[in-house]
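Asker: The structure under discussion is supplied below as structure tokens; questions concerning it will follow.
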Amino acid sequence: MNTFEDRQLLVFFNVNQQSTERTKKFLECHYTIRTHAPDFFSNRTVDEFRNIADYLHLNILAGKTVEGHKLEVISLKDFTVSKFNLAQCCKYMFAMSDIASHEVLDNNKGWRILFDMNGFGLGHFLRFHPAVVKKCILYVQDALPLQLKGIHIINAIPLVHQILAMVKPIMKKEVYDLIQIHTSSEWESLYKVVPQELLPSDFGGKDQSMDQLHGNSLKKLEHYANWFKEEEKLRVDETKRHGHAKDPSEIFGIEGSFRKLCVD
């Protein structure tokens, strides 16, 4: 694969189980959402990522589960509520997912995402803008270039149930069913799926600490700086779409509604 576009197609083909028809639908969905969600997919610069990384850890772990699933861990680095910005967190998360999809081309075996709620509280939750939540969910379930095998919420606090109640009506059942909750006293339930030794040392595992992994993540983002510039050129020209042009209100919904872009 010699060109940027060829590499992208290989990633999408793999994540769609090498189905040509599924890949075609995925391509349209993927780039339509990216076109109409600039808060997630524009200005993906090193400086922007460094600003977000001041309060957010997001690291890809070295090991794989017995099933061959790769792992990504997300946690707050700084608990200060005023620094927390959900759209920025999504931008960082989706950038790292892009990197992950390119560096692990056998990603059709799947990924497990671990969200650590340590330090998360009501103040952070109140900064969840509904429109941002909707966009994030739509992208994750219809256009993320990774196959999700599990979404694990670790060090879960009671507030998690309010969050899940908010997202359940706008989330596909098959995605919602991937969510598993593990409180600080229920780590054994996580270890049944994710062996303890695969986790960062902060969580009793044998991988590097989250701080050490954090430095590696920033280096990866720097390495992909030109890739992000090139990727931002791949957007939909709605004036050339067959039928009627789509706009953000149609894709993401308005006034509390939620409309699907992609049809299985």
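Under full-length UniProt numbering, the letters of the sequence shown match residues 1 to 264, in that order. Ideal Cβ positions, reconstructed from N, Cα and C, are used throughout, including at glycine. All values reported here derive from a predicted model rather than from experimental measurement.
#1: Return the chain-ordered list of same chain residues with a C-beta closer than 6 angstroms to the C-beta of I151, the five sequence neighbours on each side being excluded.
#2: Is there contact between the stretch 178-198 and the stretch 91-107, where contact requires at least three CB pairs shorter than 8 angstroms?
#3: Using a Cβ-Cβ cutoff of less than 8 angstroms, which residues in the same chain neighbour M171 once the five nearest sequence positions on both sides are dropped?
#4: Alpha carbon to alpha carbon, what distance is there between A95 and Y224?
#5: Does the stretch 68-87 come close enough to the stretch 113-122 to have 3 or more Cβ pairs within less than 8 angstroms?
#6: Going along the chain, which residues of its own chain have a beta-carbon closer than 7 angstroms to the beta-carbon of S19, five neighbours each way excluded?
#7: What are the complete alpha helix (DSSP H) segments, minimum 4 residues, inside the stretch 18-42?
#8: Which partner residues of N59 appear in the DSSP bridge assignment?
#9: Excluding five sequence neighbours on each side, which residues of the same chain lie with their C-beta closer than 6 angstroms to the C-beta of E197?
#10: Closest to P200 by CA distance: which of I153, L71, T239 is it?
#11: Report the partner residues of I153 according to the DSSP bridge assignment.
#12: Can you tell me whether K135 is buried or exposed, with buried defined as 16 or more other CB within 10 angstroms of its CB?
#13: If you reduce the DSSP assignment to three classes, tell me which class L234 lands in.
#14: Counting along the chain, where does the alpha helix (DSSP H) carrying E188 start and finish?
#15: Quick one: grab the DSSP three-state call for P169.
#16: How would you call A165, buried or exposed, if buried means at least 16 neighbouring beta carbons within 10 angstroms?
#17: Return the CA-CA distance between N14 and Y31, expressed in angstroms with no decimal places.
#18: If you measure from the CB of G121, is any heavy atom of the ligand MG nearer than 7 angstroms?
#19: Could you compute how far the alpha carbon of F115 sits from the alpha carbon of E48?
#20: With DSSP as the reference, label D207 as helix, strand or coil.
Answerer: In short, the structure shows the following:
#1: To locate residue 151, count along the sequence shown from 1; it is residue 151. So the list reads I113, L178, I179, once near-sequence residues are dropped.
#2: no
#3: For the purposes of this step, residue 171 is taken as the residue at position 171 of the sequence shown. I137, Q141, listed in sequence order.
#4: Walking along the sequence shown from the start, residue 224 turns up at place 224. Walking along the sequence shown from the start, residue 95 turns up at place 95. So the alpha carbons of these two residues sit roughly 9 angstroms apart.
#5: yes
#6: Within the sequence shown, the letter at position 19 stands for residue 19. So no residue of the chain qualifies.
#7: 20-36, 38-41
#8: For the purposes of this step, residue 59 is taken as residue 59 along the sequence shown, with counting starting at 1. In the DSSP output, where bridge partners are listed per residue, N59 has V73.
#9: Residue mapping note: residue 197 aligns to position 197 of the sequence shown, counting from 1. Excluding sequence positions up to five before and after E197, its CB lies within less than 6 angstroms of the CB of G205, K206, all in the same chain and listed in chain order.
#10: To locate residue 200, count along the sequence shown from 1; it is residue 200. Of the listed residues, the one whose Cα sits closest to P200 is L71.
#11: Stepping through the sequence shown from its first residue, residue 153 is reached at position 153. F115, I181.
#12: In the sequence shown, counting from the first residue as 1, residue 135 sits at position 135. Buried, since its Cβ has 16 or more Cβ neighbours within 10 Å.
#13: Here residue 234 corresponds to residue number 234 of the sequence shown, with the count starting at 1. Coil.
#14: Walking along the sequence shown from the start, residue 188 turns up at place 188. Looking at the DSSP string, the run of the alpha helix (DSSP H) that includes E188 is 187-191.
#15: Start at 1 with the first residue of the sequence shown, and residue 169 comes out as number 169. If DSSP states are grouped into helix, strand and coil, P169 belongs with the helices.
#16: Within the sequence shown, the letter at position 165 stands for residue 165. Looking at its Cβ environment, which holds fewer than 16 other Cβ atoms inside 10 Å, A165 is exposed.
#17: For the purposes of this step, residue 14 is identified with residue 14 of the sequence shown, where counting begins at 1. For the purposes of this step, residue 31 is identified with residue 31 of the sequence shown, where counting begins at 1. Approximately 17 angstroms, taken between the alpha carbons.
#18: Absence of the ligand MG is noted for the structure shown, with no ligands found whatsoever.
#19: For this step, residue 115 is matched to residue 115 along the sequence shown. For this step, residue 48 is matched to residue 48 along the sequence shown. In a straight line, the C-alpha of F115 is about 22 angstroms away from that of E48.
#20: Walking along the sequence shown from the start, residue 207 turns up at place 207. Strand, per DSSP.
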